[in-house]
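Protein chains in written order, with my numbering: chain A, 2 to 22; chain B, 268 to 448. Cβ coordinates follow ideal geometry from the N, Cα and C atoms, glycine included. I have placed the structure first, in the form of structure tokens, so that the comments after it can refer back to it.
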Amino acid sequence: GTRIIYDRKFLLECRSSPVAK
Amino acid sequence: NNNINMCPGVGEHPLQYNYTFWYSRRTPSRPASSQSYEQNIRQIGTVASVEQFWRFYSHLVRPGDLSGHSDFHLFKEGIKPMWEDESNRSGGKWIIRLRKGLASRFWENIILAMLGEQFMVGEEICGAVVSIRFQEDILSIWNRTSNDQMTTSRIRDTLRRVLNLPTNTIMEYKTHNDSLR
Numbered sequence: 002g003t004r005i006i007y008d009r010k011f012l013l014e015c016r017s018s019p020v021a022k
Numbered sequence: 268n269n270n271i272n273m274c275p276g277v278g279e280h281p282l283q284y285n286y287t288f289w290y291s292r293r294t295p296s297r298p299a300s301s302q303s304y305e306q307n308i309r310q311i312g313t314v315a316s317v318e319q320f321w322r323f324y325s326h327l328v329r330p331g332d333l334s335g336h337s338d339f340h341l342f343k344e345g346i347k348p349m350w351e352d353e354s355n356r357s358g359g360k361w362i363i364r365l366r367k368g369l370a371s372r373f374w375e376n377i378i379l380a381m382l383g384e385q386f387m388v389g390e391e392i393c394g395a396v397v398s399i400r401f402q403e404d405i406l407s408i409w410n411r412t413s414n415d416q417m418t419t420s421r422i423r424d425t426l427r428r429v430l431n432l433p434t435n436t437i438m439e440y441k442t443h444n445d446s447l448r
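Following this line, the structure appears as structure tokens:
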């Protein structure tokens with residue numbers, strides 16, 4: 002099935018903006 | 268939180284799998300038998316989304332700041348970070364030995380690659396460990412099937428890429444069976 006893939010850059014962006022996008 | 272059924276919060280980015288953090292510390296006087304290992308390791312929290320991961324991780328001590336003989340483990344929920352676990356029994360691990368001072372940065376990079384499903388090996392990844400020792404620190408990533416060479420090679424190549432390891436870094440693959448002997 003589909004896998005949920007995130008790159009490092011995206012994960013780090015989520016850290017600095019905790020509000021959901 | 269030790270909740271077994273952690274879910275992503277509203278608007279959060281779900282992870283492919285839930286992951287559980289574990290922590291263990293060995294006092295030098297104690298033997299390293301499997302029983303004392305199980306007694307010394309404890310679950311410290313489970314995360315289901317990117318946001319939950321950062322909230323939890325931000326409150327953890329950085330591994331490089333730990334002293335003595337300590338380990339952080341991040342494993343898929345339901346898999347114990349022990350070779351005896353059914354998911355690990357036929358598996359093995361890539362081991363990377365690091366000189367002091369590098370553990371925190373490399374640990375973060377390895378777990379981000381794991382949470383983000385960068386290894387592209389299906390269900391094969393079980394978890395990752397950072398082991399703080401006196402002379403050096405050790406990173407490892409565990410997979411289910413040690414004799415699947417396509418998978419183990421792919422994990423090694425992804426590690427090289429995401430960690431951007433110094434060229435002289437030695438990577439070693441050990442089956443859990445070998446570790447047991």
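Reduced DSSP category for residue i - H, G, I as helix; E, B as strand; rest coil
{"i": "residue 416 (chain B)", "result": "helix"}
{"i": "residue 307 (chain B)", "result": "helix"}
{"i": "residue 367 (chain B)", "result": "coil"}
{"i": "residue 18 (chain A)", "result": "coil"}
{"i": "residue 410 (chain B)", "result": "strand"}
{"i": "residue 255 (chain B)", "result": "The shown model of chain B, from 268 to 448, leaves out residue 255 (chain B), and the question about it has no answer."}
{"i": "residue 6 (chain A)", "result": "coil"}
{"i": "residue 272 (chain B)", "result": "coil"}
{"i": "residue 429 (chain B)", "result": "helix"}
{"i": "residue 348 (chain B)", "result": "coil"}
{"i": "residue 334 (chain B)", "result": "coil"}
{"i": "residue 357 (chain B)", "result": "coil"}
{"i": "residue 403 (chain B)", "result": "strand"}
{"i": "residue 281 (chain B)", "result": "strand"}
Beta-carbon gap between residue i and residue j smaller than 8 Å
{"i": "residue 371 (chain B)", "j": "residue 433 (chain B)", "result": "no"}
{"i": "residue 288 (chain B)", "j": "residue 341 (chain B)", "result": "yes"}
{"i": "residue 393 (chain B)", "j": "residue 374 (chain B)", "result": "no"}
{"i": "residue 405 (chain B)", "j": "residue 336 (chain B)", "result": "no"}
{"i": "residue 360 (chain B)", "j": "residue 420 (chain B)", "result": "no"}
{"i": "residue 396 (chain B)", "j": "residue 338 (chain B)", "result": "yes"}
{"i": "residue 325 (chain B)", "j": "residue 276 (chain B)", "result": "no"}
{"i": "residue 12 (chain A)", "j": "residue 333 (chain B)", "result": "no"}
{"i": "residue 403 (chain B)", "j": "residue 441 (chain B)", "result": "no"}
{"i": "residue 314 (chain B)", "j": "residue 285 (chain B)", "result": "yes"}
{"i": "residue 5 (chain A)", "j": "residue 281 (chain B)", "result": "yes"}
{"i": "residue 349 (chain B)", "j": "residue 304 (chain B)", "result": "yes"}
{"i": "residue 307 (chain B)", "j": "residue 322 (chain B)", "result": "no"}
Proximal residues of chain A, C-beta to C-beta of residue i below 8 Å
{"i": "residue 430 (chain B)", "result": "Ordered by position in chain A, no residue passes the 8 Å Cβ test against residue 430 (chain B), which lies about 11 Å from the chain."}
{"i": "residue 383 (chain B)", "result": "6, 7, 8, 9, 11, 12"}
{"i": "residue 406 (chain B)", "result": "Neighbours of residue 406 (chain B) on chain A: none; closest Cβ ~16 Å, over 8 Å."}
{"i": "residue 426 (chain B)", "result": "None at all; the shortest Cβ gap to chain A is about 13 Å."}
Endpoints, alpha helix (DSSP H) assigned at residue i
{"i": "residue 391 (chain B)", "result": "That residue, residue 391 (chain B), is in no alpha helix (DSSP H); it is neither H nor E in DSSP."}
Endpoints, beta strand (DSSP E) assigned at residue i
{"i": "residue 439 (chain B)", "result": "438–442"}
{"i": "residue 323 (chain B)", "result": "Not the beta strand (DSSP E): residue 323 (chain B) falls in the alpha helix (DSSP H), residues 317–325."}
{"i": "residue 337 (chain B)", "result": "337–343"}
Buried versus exposed, by CB contacts within 10 Å (16 or more), residue i
{"i": "residue 417 (chain B)", "result": "exposed"}
{"i": "residue 390 (chain B)", "result": "exposed"}
{"i": "residue 22 (chain A)", "result": "In this prediction, residue 22 (chain A) has a pLDDT of 45, which is less than 50 and means its spatial position is unreliable; what the coordinates show is noted afterwards. Under this definition residue 22 (chain A) is an exposed residue."}
{"i": "residue 15 (chain A)", "result": "buried"}
{"i": "residue 328 (chain B)", "result": "exposed"}
{"i": "residue 345 (chain B)", "result": "exposed"}
Chain A contact residues for residue i, given Cβ-Cβ distances below 7 Å
{"i": "residue 328 (chain B)", "result": "Simply none; closest approach about 17 Å."}
Closer than 9 Å at the beta carbon, the chain A residues around residue i
{"i": "residue 317 (chain B)", "result": "7, 11, 12, 15, 16"}
{"i": "residue 379 (chain B)", "result": "7, 8, 9, 12, 13"}
{"i": "residue 350 (chain B)", "result": "Ordered by position in chain A, no residue passes the 9 Å Cβ test against residue 350 (chain B), which lies about 26 Å from the chain."}
{"i": "residue 282 (chain B)", "result": "5, 7"}
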